[in-house]
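Okay, structure first, notes after.
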Amino acid sequence: MKQQHKLRVAIILLVGFQLLILFAGFFAPYSSTAQDRRSPFAPPTPLHFFDAQGEFHARPFVYGLKIDPGNYGAYRIDSTQRYPIHFFTASASYKVAGLFTAHTHLFSVEEPGRILLLGSDGYGRDQLSRFLYGGQLSLLAGLIAATLSVGVGIIMGGLAGFYGGWLDNLLMRGAELLLALPWLYLLFAVRAALPLQVTQSQVFLMLVVVLGLVGWARPARLIRGVVLTAKERNFVLAARGFGASDHYLFFRHVLPQTSGVVLTQIALLIPQFVLAEVTLTFLGLGVGEPLASWGSLLSSLQQYAVLSSYWWMLLPALLLVPVFLSYYLAADALQERFKSVSL
Amino acid sequence: MKYIRRRLAYAALLLAAISFLSFVLLQLAPGDYFDALRMNPQISAQTIAGIRSEYGLDRSLAVRYGHWLLSVLKGEFGYSIAYNTSVGTLLWVRSRNTLLLAGAATTLAWLLAIPIGAWSAKNRGTWGDRACGVATSTLLTTPDILVFLILLFLAVRTGWFPAGGMVSLGAGQLDGWGQVQDVALHLFLPCMGLALTITPALIRHVRSAMIEVLESPFVRAARGHGIASTRVLFRYAFPVAANPLISLLGFSIATMLSASVLVEVMLSWPGLGPLLVEAIFARDLYVVMSVVMMSSVFLVVGNLVADLLLFANDPRIRVE
Amino acid sequence: MIGSTHALLRTKNLKKNHLQRHPVTNAKFAVQAFAEVNMTIHAGTTLALVGESGAGKSSLARCLALLERPDKGEIWFEGLELLSLERKALLPIRGQIQIIFQNPTSALNPRLSAAEIIAEPLLIQGRGTKAQQRARALELMDQVGLPPGWKSRTPLEFSGGQRQRLAIARALVLDPILLILDEALSSLDLANQEMILKLLTDLQALHGLTYLHISHDLRLVSQFAEEVAVMHQGRIVEHADVATIFAEPKHPYTQELLMAMPTLQSICQERFA
Numbered sequence: 059m060k061q062q063h064k065l066r067v068a069i070i071l072l073v074g075f076q077l078l079i080l081f082a083g084f085f086a087p088y089s090s091t092a093q094d095r096r097s098p099f100a101p102p103t104p105l106h107f108f109d110a111q112g113e114f115h116a117r118p119f120v121y122g123l124k125i126d127p128g129n130y131g132a133y134r135i136d137s138t139q140r141y142p143i144h145f146f147t148a149s150a151s152y153k154v155a156g157l158f159t160a161h162t163h164l165f166s167v168e169e170p171g172r173i174l175l176l177g178s179d180g181y182g183r184d185q186l187s188r189f190l191y192g193g194q195l196s197l198l199a200g201l202i203a204a205t206l207s208v209g210v211g212i213i214m215g216g217l218a219g220f221y222g223g224w225l226d227n228l229l230m231r232g233a234e235l236l237l238a239l240p241w242l243y244l245l246f247a248v249r250a251a252l253p254l255q256v257t258q259s260q261v262f263l264m265l266v267v268v269l270g271l272v273g274w275a276r277p278a279r280l281i282r283g284v285v286l287t288a289k290e291r292n293f294v295l296a297a298r299g300f301g302a303s304d305h306y307l308f309f310r311h312v313l314p315q316t317s318g319v320v321l322t323q324i325a326l327l328i329p330q331f332v333l334a335e336v337t338l339t340f341l342g343l344g345v346g347e348p349l350a351s352w353g354s355l356l357s358s359l360q361q362y363a364v365l366s367s368y369w370w371m372l373l374p375a376l377l378l379v380p381v382f383l384s385y386y387l388a389a390d391a392l393q394e395r396f397k398s399v400s401l
Numbered sequence: 581m582k583y584i585r586r587r588l589a590y591a592a593l594l595l596a597a598i599s600f601l602s603f604v605l606l607q608l609a610p611g612d613y614f615d616a617l618r619m620n621p622q623i624s625a626q627t628i629a630g631i632r633s634e635y636g637l638d639r640s641l642a643v644r645y646g647h648w649l650l651s652v653l654k655g656e657f658g659y660s661i662a663y664n665t666s667v668g669t670l671l672w673v674r675s676r677n678t679l680l681l682a683g684a685a686t687t688l689a690w691l692l693a694i695p696i697g698a699w700s701a702k703n704r705g706t707w708g709d710r711a712c713g714v715a716t717s718t719l720l721t722t723p724d725i726l727v728f729l730i731l732l733f734l735a736v737r738t739g740w741f742p743a744g745g746m747v748s749l750g751a752g753q754l755d756g757w758g759q760v761q762d763v764a765l766h767l768f769l770p771c772m773g774l775a776l777t778i779t780p781a782l783i784r785h786v787r788s789a790m791i792e793v794l795e796s797p798f799v800r801a802a803r804g805h806g807i808a809s810t811r812v813l814f815r816y817a818f819p820v821a822a823n824p825l826i827s828l829l830g831f832s833i834a835t836m837l838s839a840s841v842l843v844e845v846m847l848s849w850p851g852l853g854p855l856l857v858e859a860i861f862a863r864d865l866y867v868v869m870s871v872v873m874m875s876s877v878f879l880v881v882g883n884l885v886a887d888l889l890l891f892a893n894d895p896r897i898r899v900e
Numbered sequence: 547m548i549g550s551t552h553a554l555l556r557t558k559n560l561k562k563n564h565l566q567r568h569p570v571t572n573a574k575f576a577v578q579a580f581a582e583v584n585m586t587i588h589a590g591t592t593l594a595l596v597g598e599s600g601a602g603k604s605s606l607a608r609c610l611a612l613l614e615r616p617d618k619g620e621i622w623f624e625g626l627e628l629l630s631l632e633r634k635a636l637l638p639i640r641g642q643i644q645i646i647f648q649n650p651t652s653a654l655n656p657r658l659s660a661a662e663i664i665a666e667p668l669l670i671q672g673r674g675t676k677a678q679q680r681a682r683a684l685e686l687m688d689q690v691g692l693p694p695g696w697k698s699r700t701p702l703e704f705s706g707g708q709r710q711r712l713a714i715a716r717a718l719v720l721d722p723i724l725l726i727l728d729e730a731l732s733s734l735d736l737a738n739q740e741m742i743l744k745l746l747t748d749l750q751a752l753h754g755l756t757y758l759h760i761s762h763d764l765r766l767v768s769q770f771a772e773e774v775a776v777m778h779q780g781r782i783v784e785h786a787d788v789a790t791i792f793a794e795p796k797h798p799y800t801q802e803l804l805m806a807m808p809t810l811q812s813i814c815q816e817r818f819a
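Line by line, the protein sequences give chains A, B and C.
All the letters of the first sequence, read from the start, carry residue numbers 59 to 401 under the working numbering.
All the letters of the second sequence, read from the start, carry residue numbers 581 to 900 under the working numbering.
All the letters of the third sequence, read from the start, carry residue numbers 547 to 819 under the working numbering.
Next comes the structure, spelled out in structure tokens:
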């Protein structure tokens, strides 16, 4: 793929996904916690344009769901109940980015019909809505942790590369120490150090802070490399010849040179940290019920019964792939773009 | 020789630092195993204090660390209060299982990566190579958890492979060979899953390393002399391409260790992973700390081995 | 003429060693860059410093431009000993001694615009308002022959010769007295060399500049120098006016250098006769 196109496509995808998840309230027909005990583990609802009589309806609709008395846990489609899909309906309110409240939903059906595009879980909660809301948590965790990591990395790598000497040695030995630890084990260990019963927001905060503090080693090394070469550049020397202070040189000339590495690292670390959060929550050590995160969506799959009978529970995991793909694509494109700018 | 000694000293220092770090980290943990006991009104505070001093939990940090380090060096990792057995025995069995899994997975991964990567490099630009590229890219963007879930799903649906554990019920009654087969059958899925986490990256690196070497002057000279293609590939190109790959070995060990936690828990392979998770829930912090130390040891040793292999392979480093 | 003009810069016994590490054993050892350098640059003239690569010329240049510190010795400039001055006192002097590097591309920050690059010294030294700085930048672009309309372009959009002009404009912005040209023409093709040479000559006449021209190209030196100092293995072995150096070289090394320089006549004789 051509270079400019690649970056453009990646950014469009990224922004698209972020918007989708940011406005989860709009795109999701239900809230992430709305249970419906009448339809636990319901399969994805098929959409129809033609009804049982063969008539065409421009507006797609779904059928009602009835419990199949013959098959335990299975459902039968009740074609006598038709629920057309309405778009831009006003129903349950939600908050956008925790700032302002809105009512409009992209699509919904009238009660007691249910539109479960990805099926429902054991409590009858709509998986699609949970996926979108869960994304808010997981992606936010990844974003904050990645920014923190790279931020600390800039400080450490910048100091080490710019001043060299014993500071450089100290910081880089520290980084090597951190890199020598298998990071997931370390994450678990720190999680272990925290009491088991803490509030959700505390767990989230701890998670993010720990990831950020553990993950600075690799970005710091890369940034240090860039700083080392940058500070030897002749234009830095020239500016020094005009009497520029270290402070000026670092912020005006050296730091901007790291922008390529910084952006690429953020793009690469976000999916990595999102996965860390997902893994922790999946194993029950991260954010817990009733908060939805991508990890909690998948945690029920640890039960044999769920895995063997309810295939749609895997769908949220599959949906992770395009999201991560957009990040990796962006990182790739950024790397190529910045390689061509540096001399 | 100096190089080897330097690497060994460095590794030892690293391990000491890690041990201290994990020890300190866990001492910071608020609450411990006895929280549950404390809530029980029938157990007096004195009893708890008694148990604590029996386990030596009431001394100062430095003293505890010193004692712990000494005993570790003697091979005793302390006592697991939750499992009621010595941590050492626990660690030994679980480490053995994890090493078996990791070793098998690494072997499988490299056995796949080298031929595929070399073939890709040789047939660069053809449809096969491009298809391979697409496959590796897809696998790379797929999160580990999804790969494992799919494998688990297939196991459950097809029933070809057992979906968990290391041995079947009643395996003790099989003969030696039968037992080996049983373990191998159980090993297949986690091994496959773990191998898949690093194989695509390996394939890519092998491919690019081989391409670089195949374009270099000395290989072209060999071809120009009329030496057969395959011979060129294996006796000329590969030993040189092996250099960056050996460094990669060290790195792949790190990734694999982290990924093994998840695969072991999900596929119920009795290794260090499930032990760690259970210990966290039980707040058995000595076990947690020992597991972290153990895995760090594996990592450091693995990197050391990779460094030594590099040393053995690269004549340039030996010339000092 | 030597002696009749005022000595602008004088060095006394300058010495510098570089510390390097052995590539494999990592042991440190010292390599001498230059030693016992006693050099005088006369105001308003062009002094050429010649010698083969690695003779320590660039190192000396950087020390004179106050970018590196020599290990021993003194540098006297306008009655002040520069190496003993405090950072604050040195600031105005820095503007008076400027250096042009060999590779103009690496000397310019690719992310800044031409106007920003030229005005940077003013920004660093805090002189003038933003508007004044911009005006000065445009004025200098005009002086070095760059179209002022290009003020927003980045260095990558300039050709090699134009980048060197940009670097010269930046060096002029603080009204320097001494300009050190560290192989400033070596990376340019012949056509550009001629043009930049002409520009430098014009600027020298216009501003009364003194040049220290470091070069390994004797042909250039013969065109563009009044005095020549020859450097060999870190020491100045001969220093005379340009006519004497070319006609009656005294030191054996100078004679070697001159003999290695092919003239068009000798080339024609060798190849085509």
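Every residue gets a Cβ at the ideal spot worked out from N, C-alpha and C, and that includes glycine.
- Interface with chain A (8 Å Cβ-Cβ cutoff): ASN649 (chain C) is included.
- In terms of Cβ geometry, ILE213 (chain A) and THR103 (chain A) do not form a close pair [threshold 8 Å].
- Taken in chain order, the complete alpha helix (DSSP H) segments of 4 or more residues contained in the region 826-871 of chain B are 852-862.
- According to DSSP, TRP622 (chain C) shares a beta bridge with C:ARG556, C:GLU627.
- From the listed residues A:ALA302, A:LEU313, A:LEU176, the smallest Cα separation to LEU286 (chain A) is found for A:LEU313.
- Between ARG134 (chain A) and ASP109 (chain A), the C-beta gap is not smaller than 8 Å, which leaves the two residues out of contact.
- By the rule that beta-carbons nearer than 8 Å mark a contact, ILE670 (chain C) touches chain A.
- Closest option to SER761 (chain C), judged by alpha-carbon separation, among C:LYS562, C:GLU598, C:ALA553, C:GLN566: C:GLU598.
- For PRO798 (chain C), the uninterrupted alpha helix (DSSP H) segment begins and ends at 798-806.
- About 6 Å separates the beta carbon of PRO656 (chain C) from that of PRO701 (chain C), a gap short enough to meet the 8 Å contact definition.
- Buried is the label assigned to GLY353 (chain A), since at least 16 other Cβ atoms lie within 10 Å of its Cβ.
- When only Cα atoms are considered, ILE860 (chain B) and LEU228 (chain A) end up about 32 Å apart.
- Within chain A, the residues GLY299 have their CB atoms less than 8 Å from the CB of GLN644 (chain C), given in chain order.
- Taking a C-beta cut-off of 8 Å against chain C, the contacting residues of the region 268-299 of chain A are ARG291, ASN292, PHE293, LEU295, ALA296, ALA297, ARG298, GLY299, listed in chain order.
- In the DSSP assignment, PRO118 (chain A) falls within the unbroken beta strand (DSSP E) covering 114-125.
- Residues of the region 305-319 of chain A that bring their beta carbon within less than 7 Å of a beta carbon in chain C comprise TYR306, HIS311, PRO314, in sequence order.
- Unbroken alpha helix (DSSP H) stretches of 4 residues or longer found wholly inside the region 684-743 of chain B: 707-721, 724-738, given in chain order.
- For ALA589 (chain C), there is no enclosing alpha helix (DSSP H), as DSSP gives it neither H nor E.
- The beta-bridge partner set that DSSP reports for GLU784 (chain C) consists of C:VAL776.
- Residue nearest to GLN648 (chain C) within the set C:SER732, C:PRO638, C:SER812 is C:SER732 (criterion: CA-CA distance).
- Counting other Cβ atoms within 10 Å of its Cβ, PHE158 (chain A) stays below 16 and is therefore classed as exposed.
- By the rule that beta-carbons nearer than 8 Å mark a contact, LEU265 (chain A) does not touch chain B.
- Shown in chain order are the members of the region 339-366 of chain A whose Cβ falls below 8 Å from a Cβ of chain B: PHE340, LEU341, GLY342, LEU343, LEU356, LEU359, GLN360, TYR362, LEU365, SER366.
- Rounded to whole angstroms, the Cβ separation of ALA661 (chain C) and ALA683 (chain C) is 5 Å, and the two are in contact under 8 Å.
- In terms of Cα proximity to VAL120 (chain A), the closest of A:GLY171, A:GLN111, A:HIS161 is A:GLY171.
- In this structure, DSSP gives THR756 (chain C) an extended state, which the three-state scheme calls strand.
- In this structure, GLY745 (chain B) sits away from VAL843 (chain B), with a CB-CB distance that is not shorter than 8 Å.
- For ASP728 (chain C), the uninterrupted beta strand (DSSP E) run begins and ends at 724-728, by DSSP.
- Note on THR339 (chain A): 16 or more other CB atoms within 10 angstroms of its CB, so buried under the neighbour-count rule.
- According to DSSP, residue pairing for THR147 (chain A) in a beta bridge involves A:HIS163.
- Short of 7 Å from the beta carbon of SER717 (chain B), and not among the five residues preceding or following it, lies no beta carbon of its own chain.
- Segment contact: the region 824-837 of chain B against the region 884-894 of chain B, three or more CB-CB distances shorter than 8 Å; contact assigned.
- For MET846 (chain B), the neighbours in chain A by C-beta distance under 8 Å run, in chain order, GLN360.
- Counting only runs of 4 or more residues that sit fully inside the region 636-662 of chain C, the alpha helix (DSSP H) segments are 650-653, in chain order.
- Taking a C-beta distance under 8 Å as the contact criterion, LEU392 (chain A) and THR322 (chain A) qualify as a contact pair.
- Classified as exposed, SER303 (chain A) has fewer than 16 neighbouring CB atoms from the shown chains inside 10 Å of its CB.
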